[in-house]
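Notes to accompany the following structure.
Numbering (this note's numbering), first residue to last: 1 to 139.
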């Protein structure tokens with residue numbers, strides 16, 4: 001994948017690189033790394049799978065060193081969906097967690113120019129849902 005370069009006031013100049021690895025016909029992995037001149041270093045992965053037409057999932061994880069506070073901040077999200085559960089139900093697992101949500105809000109805004117709408121809507125936590133719909137006879 002194409003490397004990213006840039007400059008941000010707090011983090012300095014940066015270089016970001018990603019490597020895409022297909023894992024068969026139904027899964028892939030992307031490995032990511034970021035290096036910043038102000039001492040921030042990030043590593044992450046994105047794993048996607050679609051083993052059948054009705055099942056899909058994605059695990060994203062990222063960690064970055066914070067030299068200001070001498071910590072490593074992390075975040076992850078996991079989404080798994082099954083569109084064909086018994087009884088016509090659809091099941092979804094959606095989990096998100098952050099070591100420090102404010103750090104990632106600032107970090108992502110500075111480096112990518114925005115925060116994804118999904119992260120703004122559900123900053124952390126998770127949910128599990130099942131849903132179905134019935135049709136009336138003759139419809």
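Note that the Cβ used here is the ideal one computed from N, Cα and C, for glycine as well. Note that the structure is a prediction, hence the values are computed from the model and not measured.
Item: Beta carbon of residue 44 nearer than 9 Å to that of residue 62; Value: yes
Item: Residue of 28, 27, 7, 97 minimising C-alpha distance to residue 74; Value: 97
Item: Three-state class that DSSP yields for residue 87 in the structure shown; Value: helix
Item: Where residue 25 falls: helix, strand or coil (DSSP); Value: coil
Item: Option nearest residue 86 by Cα separation, candidates 32, 54, 99, 101; Value: 54
Item: Residue environment, residue 64, which counts as buried when at least 16 other CB atoms sit within 10 Å; Value: buried
Item: Residue environment, residue 69, which counts as buried when at least 16 other CB atoms sit within 10 Å; Value: exposed
Item: Alpha-carbon to alpha-carbon, residue 88 and residue 30; Value: 33 Å
Item: Environment of residue 16 [buried if 16+ CB atoms lie within 10 Å]; Value: buried
Item: Neighbour-count burial assignment, residue 7, 16 or more Cβ in a 10 Å radius; Value: exposed
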